[in-house]
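Numbering (the numbering used here) for the sequence shown: 1 to 939.
Data block below; observations after.
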Amino acid sequence: MSWASRRDYVAEFGELLAEAGPHQGGVMALHGGPGTGKTTLLGRFREHAAESGALYLAATGFRSENDVPFATIEQLTHSSGMPEEARAAVHRLWEDGVPRGASDRGHVERMRDLTSVLEAAARETPLVVAVDDAQYADELSRSCLLHLARRAQSSGILMVMTLDRSMGEGHMDRAEEFLLVPGCRVGAITPLPEAEVRRLLESRLGADAAKELHAPVHRVSGGSPALVYALIRDHRAAARKAAPAPGASGEGGVVVGETFERTYVARLKHHPQLLSCVRALAVLDRHATPARLERLLDRGQERLAMEMRELEMAGLLEDGAFRHPAARRAVLKALGGDECAGLHQRAAEVLRAEGASVTTVAEHLMAGGAIPDEAGVAVLLRASRQLLAEGDVDASLRCLRLADRAGLEEPQRVEVALGLLGALWCVNPAAAEPEVSRLMSVMRAGELNARSVHALVTWLLWFGRTKEAGEAITHLEKPHDPRDPRARERLAATRTIVAHLSPALLPELPEPDPLSGTRDTMSAAYLEHAAHMSRGSSRVPVGDIDPLVLGHVETDYGETLPPPVPGPRYSWDRDAITLIELLQHGDLPQAERLGTALLDRLPGEGSPARVAIFRSVHAYIALQRGETATAVTRAATALELLPHHGWGVVIGSPLATLVAAHTAMGRFDEAARYLEYPVPEEMFHSTVGLFYLVARGHHSLATGRPYAALNDFTACAPLAERWHSPSRHLLGWRTGTAEAYVALDEPARARAIIERELADVGPRPSRFRGNALRVLAAASPPGEREELLREAVRILRLSDSRLALARALADLGHAHTDNGHEQESRPRQHSAQQPGHRSDTPASPWMTWTPSRPRTTAGLPAVTSAPADKPLLSDAERRVAALASEGKSNRQIARHLYITVSTVEQHLTRVYRKLSVRRRAELTQFLGLLTNGMDFPAD
């Protein structure tokens, strides 16, 4: 019925009241769902009766008083104007009418007395008996009211009752007897249509607001008058505050706040069956289906369908779902903690039995919070892996922490600890340390599987815990099976990681089967993965086999990408290794595309460590391509994503890129600021440390400190030689060393070391060979430079390293000028600045200076013509300087070398003068040079 029908009911009630007389009465029964306005309509009837001078007796049935005899009838005595005779009859019924046994019929006489008294009153004045929620009247009151209703037609009494449609609760069956009373007028009260909602809003909020809000208010409320009024109050409250209340949500301009939530739940409090239905619906949420609701509530299909229909007819649901999220939120808030947890636990059991996805079941297990059984732990472990693959690290961690609370056997405990290690690593690698301690204990007990040991080795090396990593590697010997493809894959991946984070440990790892071709196959698989990921093509060499051409496969990849190698469903280590493989092969364009694709796939908020690592590598790629401003942005962003201690030894990666990029742009102070960042000592035992030393060396070279630069470059030698990679040259330490020797006017040494670099690089065109030829030209006689630089430019044009190309073009222009070829010089200089060759690096002193045009360096020791084999420091000075650089005091050095303190002071004075240093702390920069046998020229 519409609101107009409600007015019709009021009119019909008025007609019945007007026709009422000594022998003319009637019965009206109105039924509707919760919140449809039945009680409000009775209020309108009361007003009409008062205006007509009728006597109005009212009562309400309460579920909580259902067992109290005559509880509903007793309420009639509280109505004003009730005759004293009628009040006394009710009291007699209350006191003496309760049957004392099955054969006691005394209450029947008392009911007849009450009916007679009310009939007598109706002959004097029109009498209305109104009972709200009559279905909840206690049994004796119901019998009395039914007795009165059957006589109302001829007694002049007008009875009005409201009933709910709450089927299946036992109360409606009893209330149906009222509907069968002869002459009973039955009406249905349904939610308001949209037009009537607009009319109601106009009366409360005005025409303008009603025009804007009537559609969303009707949509949210379902036309329930109670909810419409609640939304009006929320709207007014928000208007007074000039902003929605905390937690309030809006739809189409309407504010859905606390009043709506309270009202929604209040409409259902007296209807436990309907309330349990919406609670189950709220818990299942998007996973709700009629079949699942039936099993969760343990109800039959027909009964559940009637309850859902009742809720929809009341406007509380729509198509079996909540009309607004605030309704679900209100139902869940009203649930007690234990009751909510129990529902979620049962929902998990229902969903698991049905074969729902593990993430769906895990969601309810986590919401329930109960300690899971063995099957629940298995679900949580599988869900954690899937959630981690989808980037939802927080949910993955919640799954694992709940599983960790169960009493697990050792294999499952290891699986949980390994899962926590992987998930925490995505957020902050340092947070995984407790899990590492657990895994180390299990490993030492000899109960850790190979997959877990591989993960453990990676984490330990990340934080420079080389000794423990070496211990873990010893446990890889026994479980390693060279015939197992998964074992070969894990070993190849671990070897790649160890080669970068601690090359010294490579000999400790099991050797791959030389006949299996694992290395070449793995490399090809990683590079193929890059082609799939970036939708590009790559032509790169793989080991000693012919160049592998990778391109688009003529298939539709869809949303998911096939794993490039057998193994885990998802491994971000694999992606990082793929990037490293591409960089080692010098394929910068493909590496750039892959880096972009990886970052686009990763959720930034849930996986800061993943994003930080890939963004750091992405920054290094931009630097190598000459996009220094881009490199700075990417590296600085990466550095901010993780706390300092979370980077471990890998912190050298973004720092090295920032130092190198700022140096290239001439921002030497900014580069120096990043050099002041504390870094772990263990970093210098990894290739990350080598990149850092090379970047620091170039900064020293650009700021006029070739000795410091030479020390950093040559300090790379021991570790670089131990790095068993065909791409050792990508560090560029030999090229940097040669540049430092050129700056120190030591061309012979420069040529010797650059020729070793060229031999290592090989004849294949690459940016490494082009850059080495550029430096070789600087160390060569002027007459040989042009030819070498032309070859360098030709090779660098084929690469994607615009920074190296720009420098080579500038060098070639200077060579033309030095040789008197001014006309050829200008086009070269101009070409170096063209968009196709120019990096995004502004001109800087470092860019304009080239080794072929040495500059003077104020404050450096003068270079003399002394023989090249004469060392700068004597043996005694070298020993004292080495001990001083370790932080030993003069007295400690004297005791160690069996000399006097005065002699130590004299040696240090000469060392400071020769090395142009002022403080003992600066000697550490020269430690690599002093300990690796690399001599400075004598002064």
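All C-beta atoms, glycine included, are put in the ideal place defined by N, C-alpha and C.
Bear in mind that the values here come from a model prediction, so they are computed numbers and not experimental data.
- Boundaries of the beta strand (DSSP E) around His-31: 26-32.
- Non-local beta-carbon contacts of Gly-26 in its own chain, meaning distances under 6 Å to residues more than five positions away in sequence, involve Leu-16, Leu-158 in chain order.
- Where Ala-130 is concerned, the enclosing beta strand (DSSP E) starts and stops at 127-132.
- Under the three-state reduction of DSSP, Ile-371 is assigned to coil, being neither helix nor strand.
- For Thr-633, the enclosing alpha helix (DSSP H) starts and ends at 628-641.
- Around the beta-carbon of Glu-627, 16 or more other beta-carbon atoms lie within 10 Å, marking it buried.
- Runs of the alpha helix (DSSP H) lying entirely within the stretch 236-306 and spanning at least 4 residues, in chain order: 258-266, 272-284, 290-297.
- At the C-beta level, Leu-421 and Ala-432 come within 7 Å of one another.
- Its chain contains Val-27, Ala-29, Ala-134, Leu-145, Leu-146, Ala-149, Met-161, Leu-163, Cys-184 as the residues whose beta carbon lies nearer than 8 Å to that of Phe-178, once the 5 sequence neighbours on both sides are disregarded; these appear in chain order.
- If you draw a straight line from the Cα of His-645 to the Cα of Ser-607, it is about 17 Å long.
- According to the DSSP assignment, Ala-708 belongs to the alpha helix (DSSP H) that extends over 706-715.
- If you draw a straight line from the Cα of Tyr-136 to the Cα of Thr-60, it is about 8 Å long.
- Rounded to whole angstroms, the separation of the alpha carbons of His-454 and Arg-444 is 14 Å.
- Distance from the CA of Thr-909 to the CA of Asp-745, rounded to the nearest whole angstrom, comes to 26 Å.
- Taking C-beta atoms as the reference points, Pro-765 and Leu-798 count as a pair closer than 7 Å.
- Distance from the Cα of Val-688 is smallest, within the candidate group Gly-648, Thr-663, Thr-714, for Gly-648.
- Counting only the Cα atoms, Arg-7 lies some 42 Å from Asp-96.
- Per DSSP, reduced to three states, the secondary structure at Val-181 is coil, with no helix or strand assignment.
- In the structure shown, the three-state DSSP call for Tyr-898 is coil.
- Residue range 157-163 is occupied by the beta strand (DSSP E) that includes Val-160.
- In its chain, beyond the 5 residues on either side, Val-377 have a beta carbon closer than 7 Å to the beta carbon of Gln-412.
- In the DSSP annotation of this structure, Ala-406 is not part of any beta strand (DSSP E), being labelled neither H nor E.
- Closest by C-alpha distance to Leu-127, out of Gly-156, Val-117, Pro-216, Ala-493, is Gly-156.
- The beta-carbon separation of Ala-347 and Ala-370, rounded to 12 Å, does not stay under the 8 Å limit for a contact.
- According to the DSSP secondary-structure assignment, Gly-97 is paired through a beta bridge with no residue.
- In the structure shown, Thr-36 adopts coil according to DSSP, grouped into three states.
- Within the model, the alpha-carbon separation for Leu-693 versus Leu-387 is close to 39 Å.
- In the structure shown, the three-state DSSP call for Val-186 is strand.
- Note that the C-beta distance between Thr-494 and Val-442 is not below 7 Å.
- When C-beta atoms of the stretch 611-627 are compared with those of the stretch 637-644, three or more pairs fall below 8 Å, so the two segments count as touching.
- Arg-112 and Leu-93 do not touch by the CB rule: their CB atoms are close to 10 Å apart, not below 8 Å.
- Here DSSP, grouped into helix, strand and coil, assigns Gly-887 to coil.
- According to the DSSP assignment, Thr-60 belongs to no alpha helix (DSSP H) but to the beta strand (DSSP E) extending over 55-60.
- In this structure, the beta-carbon distance from Gly-300 to Tyr-9 does not fall below 7 Å.
- Assigned with DSSP and collapsed to three states, Gly-315 falls in coil, not helix or strand.
- Taken through DSSP and simplified to helix, strand or coil, Ala-882 comes out as helix.
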